[in-house]
Amino acid sequence: MFSNSAMSLTSPSLLSSPLPSRGALVFKKPSASSLAVSTARRGVRVVAEAAAVSSPASSVSAQRTQPSAAEVARTVVELAPSGTLSVVGADGWPLGVGARFVADAAGAPALCLATAAVTVPDARASFHVEFRQSGARTPQCTFLGALTKPSDKYMLKKLSTRWETKFGEEIDEDRLYLISVERILHMEDFNEGRVWVVPSEYSDAEPDPLRNFAERVVEEMNSEHAEDVHRIYNIYAESDFQALDVKMIWVDRLGFDLHVHSEEGIFAVRIPFSRQVSDQKAVKSSFNMMAHHAWEVDKSYATPEFEKVQFLKKVT
Numbered sequence: 001m002f003s004n005s006a007m008s009l010t011s012p013s014l015l016s017s018p019l020p021s022r023g024a025l026v027f028k029k030p031s032a033s034s035l036a037v038s039t040a041r042r043g044v045r046v047v048a049e050a051a052a053v054s055s056p057a058s059s060v061s062a063q064r065t066q067p068s069a070a071e072v073a074r075t076v077v078e079l080a081p082s083g084t085l086s087v088v089g090a091d092g093w094p095l096g097v098g099a100r101f102v103a104d105a106a107g108a109p110a111l112c113l114a115t116a117a118v119t120v121p122d123a124r125a126s127f128h129v130e131f132r133q134s135g136a137r138t139p140q141c142t143f144l145g146a147l148t149k150p151s152d153k154y155m156l157k158k159l160s161t162r163w164e165t166k167f168g169e170e171i172d173e174d175r176l177y178l179i180s181v182e183r184i185l186h187m188e189d190f191n192e193g194r195v196w197v198v199p200s201e202y203s204d205a206e207p208d209p210l211r212n213f214a215e216r217v218v219e220e221m222n223s224e225h226a227e228d229v230h231r232i233y234n235i236y237a238e239s240d241f242q243a244l245d246v247k248m249i250w251v252d253r254l255g256f257d258l259h260v261h262s263e264e265g266i267f268a269v270r271i272p273f274s275r276q277v278s279d280q281k282a283v284k285s286s287f288n289m290m291a292h293h294a295w296e297v298d299k300s301y302a303t304p305e306f307e308k309v310q311f312l313k314k315v316t
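And the structure:
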C-alpha cells in the first residue's frame with residue numbers, strides 16, 4: 001500500500017504516503033521501563049453495553065472523543081433521503097407513510113407528502129429517520145412534534161433550494177410540510193439504549209463535516225487498506241483475544257469506529273484522532289500518520305506515543 005514516491009494528498013489512494021526505508025529509521029528498542037508500563041497496561045477490560053455507557057472511564061482521555069447525540073442526529077438527518085411519518089387519523093388509527101425530506105437550517109425535517117389525506121393541520125406526529133452505516137450499524141432518531149404547513153416565502157425558497165440540491169429536482173411547494181420539533185429520541189443502533197435529545201441542543205449542533213465523503217473513506221480503507229486497519233487496531237487498542245477480522249464502520253471529525261471479529265464475538269471500539277479533522281485532506285493525513293506510527297511500533301522501531309484504548313463493547 002505504501003509507495004516510494006513522495007506523499008500526495010491529492011492522490012486517489014487514501015494512504016499514499018511512503019514509509020521511510022529501514023536505513024532511514026532509527027532502530028530504537030523500547031526501554032525496560034517503557035516495556036514495564038506497556039506490560040502493566042495489558043489485560044483489556046471488555047465491558048457490556050450497560051457498563052460501557054455508565055462508566056466515565058470509557059473515554060481514552062479527558063478530551064472529547066466522539067460526537068454528541070445531538071450531532072449524530074443532525075448528521076443522520078442530513079444523510080438520510082427518507083423517513084416514516086406517523087400520524088393518528090380522524091378514524092383513530094395510527095398511520096405510517098414513507099416520505100422524502102430535507103432539513104431546514106435548524107435541522108427540522110421538511111417533508112414532501114404525495115397526498116394531503118395523511119395530514120391533519122397542526123396534528124401531533126412523529127417522523128422516524130435512520131441511516132445505515134457500512135451495513136453494520138444504523139443510527140436513528142425520531143422527531144415528535146406538530147405537522148405544519150410553512151407559509152413564509154423566504155423559508156419556502158430555502159427549502160426548495162435544499163430539495164433541489166439533495167434530490168436534483170424541483171419540489172411542489174403545495175406538498176411541503178414541516179415538523180415543528182418538540183422532542184427528539186436518538187438511538188445509536190437497534191440494540192442500543194435510547195437517549196432524549198434537548199431540542200435546543202439539536203438545533204445548535206452541527207452535522208459532521210465529513211459526512212458527505214465518510215462512506216467512501218470507509219469503503220476504501222476496508223477494501224484497499226485492510227492490513228493497515230487491522231494494524232492500527234492492534235497498536236492503538238488493548239485486547240486479550242485474537243482479532244480474526246477488523247472492519248471500519250464509520251469516520252467522523254473526532255475519530256473512527258471499528259468492529260472487531262473474534263471467536264468470542266464481535267466487539268465495537270472507538271479510536272480517536274489526535275486532533276479534530278474537518279476535511280478529506282486532514283482525514284488522509286491523520287490516517288497516514290496513524291498507519292505509519294502503527295507500522296513503526298509493530299516493527300519495534302518506535303514505542304507507542306499515545307494512551308491505548310482499553311474498552312471494547314460487545315456487539316454480538
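Counting from 1, one number per residue, gives the positions in the sequence shown under UniProt numbering. We put the CB at the ideal spot given by N, CA and C, even for glycine.
For LYS166, the enclosing alpha helix (DSSP H) stretches over residues 153 to 167.
Note that the C-beta distance between ALA114 and VAL195 is not below 9 Å. With 16 or more other Cβ atoms from the protein chains shown falling within 10 Å of its own Cβ, GLU296 counts as buried. For ARG275, DSSP records no beta bridge to any residue. The segment 244 to 260 makes no contact with the segment 182 to 201: fewer than 3 CB pairs, one atom from each, lie closer than 8 Å. Taking the C-beta atoms as reference points, LYS308 is found nearer than 9 Å to TYR236.
Nearest to GLY83 by alpha-carbon distance, out of ARG253, SER300 and VAL129, is VAL129.
In the displayed model, GLU201 falls within a helix according to three-state DSSP. Boundaries of the beta strand (DSSP E) harbouring ARG100: 94 to 103, taken from the DSSP string.
A check of alpha carbon separations from ALA268 across LEU178, ILE249 and ASP279 identifies ILE249 as the nearest. Close CB contacts of ALA146 within its chain, under the 8 Å cut and outside five residues either way in sequence, are with ASP122, ALA123, ARG124, ALA125, ILE179, SER180 and GLU182 (chain order). For ASP240 and ILE266, the gap between their C-alpha atoms comes out near 14 Å. Counting other Cβ atoms within 10 Å of its Cβ, TRP93 stays below 16 and is therefore classed as exposed. Runs of the alpha helix (DSSP H) spanning 4 or more residues and lying entirely within the UniProt domain "DUF2470" (215 to 287) occur at 226 to 236, in chain order. GLU215 is positioned such that its CB atom lies no closer than 9 Å to that of GLN140.
The alpha-carbon separation between ARG137 and LYS247 amounts to approximately 12 Å. Of the candidates ARG253, ALA243, MET290 and ALA90, the residue whose Cα lies closest to the Cα of VAL72 is ARG253. The continuous beta strand (DSSP E) containing VAL129 extends over residues 124 to 130. Note: TYR301 is not bridge-paired with any residue in the DSSP secondary-structure output. Using a Cβ distance threshold of 9 Å, LEU185 and VAL277 do not count as a contacting pair. The three-state reading of DSSP puts ALA146 in strand, counting E and B together. VAL102 places its beta carbon 9 Å or farther from that of ARG175.
No Cβ-Cβ contact shorter than 9 Å links PRO109 with PHE167. Taking the Cα of SER86 as reference, the smallest distance to any Cα among GLN66, ALA105, GLY107 and THR142 is reached at THR142. LYS313 counts as buried, since at least 16 other C-beta atoms from the protein chains shown sit within 10 angstroms of its C-beta.
Residue pairing by DSSP places GLN133 opposite ARG137 in a beta bridge. Under the DSSP assignment, THR84 falls outside any alpha helix (DSSP H), being part of the beta strand (DSSP E) whose first and last residues are 82 to 88.
Rounded to the nearest angstrom, the gap between the Cα atoms of CYS112 and ASP208 is 25 Å.
Comparing C-alpha distances from ARG74 to each of ALA106, LEU159, GLN280 and ASN288 shows the shortest one belongs to ALA106. Annotation for VAL181: the continuous beta strand (DSSP E) segment containing it runs 176 to 187.
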